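Residues 1 to 226 in the UniProt record's numbering are what the sequence shown spells out, letter by letter.
Cβ atoms here follow ideal geometry from the backbone N, Cα and C, with glycine treated the same way.
These figures come from a predicted structure and were not determined experimentally.
Written out below as structure tokens is the structure these notes cover.
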Amino acid sequence: MTKVLVVDDEPQIVRALRINLSARGYEVLTAFDGATALKLAADGKPDVVVLDLGLPDMDGTDVIAGLRGWTTLPIIVLSARTDSSDKVDALDAGADDYVTKPFGMDELLARLRAAVRRSAVAGPEDEPIVKTGSFTVDLAAKRVLRDGAEVHLTPTEWGLLEVLARNAGKLVAQKQLLRDVWGPAYEKETHYLRVYLAQLRRKLEPEPTRPRHLLTEPGMGYRFEL
Numbered sequence: 001m002t003k004v005l006v007v008d009d010e011p012q013i014v015r016a017l018r019i020n021l022s023a024r025g026y027e028v029l030t031a032f033d034g035a036t037a038l039k040l041a042a043d044g045k046p047d048v049v050v051l052d053l054g055l056p057d058m059d060g061t062d063v064i065a066g067l068r069g070w071t072t073l074p075i076i077v078l079s080a081r082t083d084s085s086d087k088v089d090a091l092d093a094g095a096d097d098y099v100t101k102p103f104g105m106d107e108l109l110a111r112l113r114a115a116v117r118r119s120a121v122a123g124p125e126d127e128p129i130v131k132t133g134s135f136t137v138d139l140a141a142k143r144v145l146r147d148g149a150e151v152h153l154t155p156t157e158w159g160l161l162e163v164l165a166r167n168a169g170k171l172v173a174q175k176q177l178l179r180d181v182w183g184p185a186y187e188k189e190t191h192y193l194r195v196y197l198a199q200l201r202r203k204l205e206p207e208p209t210r211p212r213h214l215l216t217e218p219g220m221g222y223r224f225e226l
């Protein structure tokens, strides 16, 4: 049974989608805000997300970004925003499709089926939790736990750790890290990496001067080891 997570703060929309999807054999999870949506996506493991952009606690594009930090599951935006800039922002954030309100149920169902088919071809999902011998990275909740306590990271530190954790065991080139975290204009600023990796090691490594998890490959890049 395909599991759909519906995220919308309009109860009538959620009710209509639940009724229509359930009648067609889908299992339906529902959330009325972004924080609940991110938690349900990690815990409930849906096959596809139908997401409104106008949520009470955060913009839908932030929910998309949060999901894309750890998963490639299909995201269909269902929004009353019709400006092309809103559509571009949502798609750039990682949405797979965009349907405007008011919408036809048949069209939405067709797009949902297509998104699930593409996802099935793409392969299995990643896990949102990355555990090392010293700390745990929760890619869905965007937080790090060490010895049972949350470690405060700056947005830049988190961005760097997220890229490395999503590529655990793989060499990540310096240019890729700089591009993903700071942007294309910073591809030569390798000293940024040295500074921020040192900060991450102080916060996460048992012995920062002898790192076990955040490793440097001299002249090439960095590697995240479990």
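Residue i - containing alpha helix (DSSP H), residue span
| i | result |
| --- | --- |
| residue 166 | 155–166 |
| residue 90 | 84–93 |
| residue 67 | 60–68 |
Enclosing beta strand (DSSP E) for residue i [first to last residue]
| i | result |
| --- | --- |
| residue 22 | Run containing residue 22: none in the beta strand (DSSP E); it sits in the alpha helix (DSSP H), 11–23. |
| residue 215 | 214–217 |
| residue 3 | 3–7 |
| residue 30 | 27–31 |
| residue 232 | With the chain covering only 1 through 226, there is no way to say anything about residue 232. |
| residue 149 | 149–151 |
| residue 98 | 97–100 |
| residue 210 | Premise fails: residue 210 is in no beta strand (DSSP E) and is neither H nor E. |
| residue 145 | 143–146 |
| residue 136 | 136–138 |
| residue 131 | 129–131 |
Coil, strand or helix - residue i by DSSP
| i | result |
| --- | --- |
| residue 222 | strand |
| residue 36 | helix |
| residue 192 | helix |
| residue 55 | coil |
| residue 73 | coil |
| residue 123 | At residue 123 the pLDDT is 48, less than 50, meaning the model places this residue with poor confidence; the figure from the coordinates comes in the next sentence. In the structure shown, residue 123 sits in coil (DSSP, three-state: anything other than H, G, I, E or B). |
| residue 81 | coil |
Beta-carbon contacts of residue i that lie in its chain and below 6 Å, excluding the five residues immediately before and after
| i | result |
| --- | --- |
| residue 160 | 181 and 196 |
| residue 100 | 82 |
| residue 86 | none |
| residue 139 | 69, 70 and 128 |
| residue 3 | 27, 46 and 47 |
Counted within 10 angstroms of its Cβ, other Cβ atoms place residue i as buried (16 or more) or exposed
| i | result |
| --- | --- |
| residue 75 | buried |
| residue 34 | buried |
| residue 211 | buried |
| residue 64 | buried |
| residue 14 | buried |
| residue 12 | exposed |
| residue 221 | buried |
| residue 144 | buried |
| residue 230 | Residue coverage of the chain in this structure runs from 1 to 226, which leaves residue 230 outside it and unanswerable. |
| residue 227 | There is simply no residue 227 to check, as the chain begins at 1 and stops at 226 in what is shown. |
| residue 1 | exposed |
| residue 111 | buried |
Cutoff 7 Å; reference residue i; Cβ partners in own chain excluding five residues on either side
| i | result |
| --- | --- |
| residue 52 | 7, 8, 9, 60, 78 and 79 |
| residue 124 | Reliability fails at residue 124, whose pLDDT of 47 lies under 50, so the model's placement of it is uncertain and the value that follows must be treated cautiously. Result list for residue 124: empty, nothing under 7 Å. |
Same chain only: Cβ atoms within 8 Å of residue i, ignoring 5 sequence neighbours per side
| i | result |
| --- | --- |
| residue 226 | 130, 131, 132, 133, 168, 169 and 213 |
| residue 103 | 78 |
| residue 44 | 3, 5 and 29 |
| residue 172 | 163, 164, 221, 222, 223 and 224 |
| residue 142 | 66, 69, 158 and 162 |
Handout entry: Meets three-Cβ-pair contact criterion under 8 Å: the segment 88–105 and the segment 47–66
Key = yes
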